[in-house]
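Using my numbering, the letters of the sequence shown correspond one by one to residues 25 to 424.
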Amino acid sequence: MKKTIGMVTGMLLSMSTMAQTITIEGDLAGDLKGHNKMYLYSRTYKDSADINNGHYTFKIPYKEPMFLMLLPQYVQAERQMYVPFGVLFDQPVTYTVKSDINKGMSESVVKGSEAAELLLKYGREKSAAYREISKALQGEFGSSWLQENDPKYDAFEKRNAALQQQYLLPLLQKLVKEHPNSYASVYSLNDARQMASIAQQDQLYAGLSKQMKATKEATAFHQFGEGLRNSAIGKQVKDFTLPDPEGKPVKFSDLKGKYVVVDFSASWCAPCRKSFPHMREVYQQYKDKNLVFYSISIDKSKPDWLKAVAQENNPWLQSLDDKNIAGSGFAITGVPTQYLIGPDGKIIMKEIGFDENGNGQIEKKLAALFGGTVKQQQPVAPAPSAEKKTIKAIPMATMQ
């Protein structure tokens, strides 16, 4: 009897273990010229598999839904234009991916879960919509992309936003309305952060099923809406407490009475790391003034954050955002992003990205408040252009 119970228990445990595995069975047609590897990755995950007779297999432990990119070694080796291709894996089941190297990974057929198939369909609809947007911008401005120093840039950005509302937002609204209980809808909510109003974002969240509202992604999206309200210019910053590198709590309200530059960054963000040397110059200029610098990392990996902290050795307050303050308090869409907070705890201004020539709006404001300007280091060789250069932020949605 005991032996029978043991056998049954073992079988159940085995079945449970099998049920918590994602299997990817892929087929890649075409001449790979000996480049017989397929890479599977995200910012925090890396794996590879051999392609034998056009077939490859991945087995991944399943803990929660994930979005992973597939990249054939052939694309890198032959220096083809790289168009990222990802698949949503929302269940511990077997997924099939059928691709043709000559057509590109974006034309792959994915089967396995309804959410994976829905997201792929939605992505293709978005691509078609973007083509319409580009066509409209080309017709009105002579280009589908303008430099920020172009006199028509502000009008271009305004028109681009309107076109996204016209072509892209309805696709997302339709997806959520028709599939409120699908993880594809939840995963796609990030698209709304920059193209939908606060009211429209609220409506999208409200349209989800109770089960989907409870997911961490939907919760973060809902908190982002709160962040939009909380981070308006002139708003009082809601108090929060985050840990410093030693694990000691940093309470924001303890900084009241001083001006505070809150810098949102990440260890994996190249523009953030590039901004730190100049930030250290600014810090040295104003460290004896009534001003505090406070870096908040959006890293998901504490070890990665601590490693970057040690490497940069920045001489100001630093914390790890383990409570999504970036979303719920400041509606951060990309890093680096800085806020200037007044001594009364109210938001004075916001700046996304940074100007490596020292012409940023927050830096100008600090000069106006405290006097003087930051001395710029002279380049070893003359720069090819005298134009000021603004480094854009990396969107969080694509990197986290």
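For each residue, glycine too, the CB sits at the ideal point set by N, CA and C.
Taking C-beta to C-beta, are residue 111 and residue 122 nearer than 8 Å?
Against a cut-off of 8 Å, the Cβ pair of residue 122 and residue 111 comes out as no contact.
Would residue 359 count as contacting chain C if we go by Cβ distances under 8 Å?
Annotation note: the requested chain C is absent from the structure, which comprises a single protein chain.
Could you check what DSSP says for residue 76 in three-state terms: helix, strand or coil?
strand
Residue 370 - DSSP class collapsed to helix/strand/coil:
strand
Excluding the 5 residues preceding and the 5 following residue 157 in the sequence, name in chain order all residues of the same chain whose CB lies nearer than 6 Å to its CB.
187, 191
Rounded separation between residue 309 and residue 380 - CA only:
16 Å
Would you say residue 53 and residue 124 are within 8 Å of each other, going by their C-beta atoms?
yes
By how many angstroms is the C-alpha of residue 301 removed from the C-alpha of residue 401?
Confidence at residue 401 is low in this model, with a pLDDT of 45, below 50, so the placement of that residue should be treated as unreliable; the coordinate-derived value is given next. Just so you know, the alpha carbons of residue 401 and residue 301 end up roughly 10 Å apart.
Can you tell me the Cα-Cα spacing of residue 44 and residue 114, whole angstroms?
11 Å
Buried or exposed: residue 260, going by 16 or more other Cβ atoms within 10 Å of its Cβ?
exposed
Cβ-based burial, residue 265 [other Cβ within 10 Å; buried from 16]
exposed
For my contact list, residue 62 and residue 80 are in at a C-beta cut-off of 8 Å; report their separation, rounded to the angstrom.
5 Å
Return the chain-ordered list of same chain residues with a C-beta closer than 8 Å to the C-beta of residue 193, the five sequence neighbours on each side being excluded.
216, 219, 220, 224
For residue 44, does the three-state DSSP call read helix, strand or coil?
DSSP places residue 44 in coil when its eight states are reduced to three.
Given a threshold of 16 other Cβ atoms within 10 Å of its Cβ, counted over all protein chains shown, does residue 257 qualify as buried or as exposed?
exposed
Return the Cβ separation of residue 262 and residue 353 in integer angstroms, given the expectation that the two are a contact with Cβ distance under 8 Å.
6 Å
Within 10 angstroms of its Cβ, does residue 403 collect 16 or more other Cβ (buried), or is it exposed?
Only weak support is given to the placement of residue 403: the predicted model assigns it a pLDDT of 45, under 50, and the value that follows is read from those uncertain coordinates. The residue in question, residue 403, is exposed, as its Cβ has fewer than 16 Cβ neighbours within 10 Å.
Residues that residue 318 bridges to, as DSSP identifies them:
286, 341
Using 8 Å for Cβ pairs, my map puts residue 345 next to residue 320. What's the rounded Cβ distance?
5 Å
In terms of DSSP beta bridges, what is residue 112 paired with?
91
Count the other CB atoms, across all protein chains shown, that sit within 10 Å of the CB of residue 179; report buried if there are 16 or more and exposed otherwise.
Here residue 179 is exposed. Its C-beta has fewer than 16 other C-beta atoms within 10 Å.
May I have a chain-ordered list of the beta strand (DSSP E) segments no shorter than 3 residues that lie completely inside the region 94-174?
110-113, 118-124, 133-135
Using 8 Å for Cβ pairs, my map puts residue 364 next to residue 283. What's the rounded Cβ distance?
7 Å
Does DSSP put residue 379 in a helix, in a strand, or in coil?
strand
Taking contact to mean 3 or more Cβ pairs, one atom from each stretch, closer than 8 Å, check whether the region 323-338 and the region 223-241 are in contact.
no
Please name the residue, chosen from 234, 347, 66, 285, that lies closest to residue 89 on a Cα-to-Cα basis.
66
Opening and closing residue of the alpha helix (DSSP H) in which residue 193 lies
In the DSSP assignment, residue 193 falls within the alpha helix (DSSP H) that extends over 193-202.
How many angstroms separate the CA atom of residue 317 from the CA atom of residue 304?
Residue 317 and residue 304 have their C-alpha atoms some 10 Å from each other.
Throw me the rounded Cβ distance for the residue 212 and residue 146 pair, which I believe falls under 8 Å.
Taking 8 Å as the upper bound for CB-CB distance, residue 212 and residue 146 are in contact here, some 6 Å apart.
Separation of residue 342 from residue 334, as counted between CA atoms:
11 Å
How big is the Cα-Cα spacing for residue 78 and residue 95?
14 Å
For my contact list, residue 315 and residue 394 are in at a C-beta cut-off of 8 Å; report their separation, rounded to the angstrom.
Rounded, the Cβ-Cβ distance is 7 Å, consistent with contact.
To the nearest angstrom, report how far apart residue 384 and residue 373 are at their CA atoms.
11 Å
Grab me the residues of residue 91's own chain with a C-beta within less than 6 Å of its C-beta, minus the 5 sequence neighbours each way, in chain order.
Only 110, 112 meet the Cβ criterion.
What is the DSSP secondary structure of residue 268, reduced to helix, strand or coil?
coil
Taking just the CA atoms, how far does residue 276 sit from residue 329?
20 Å
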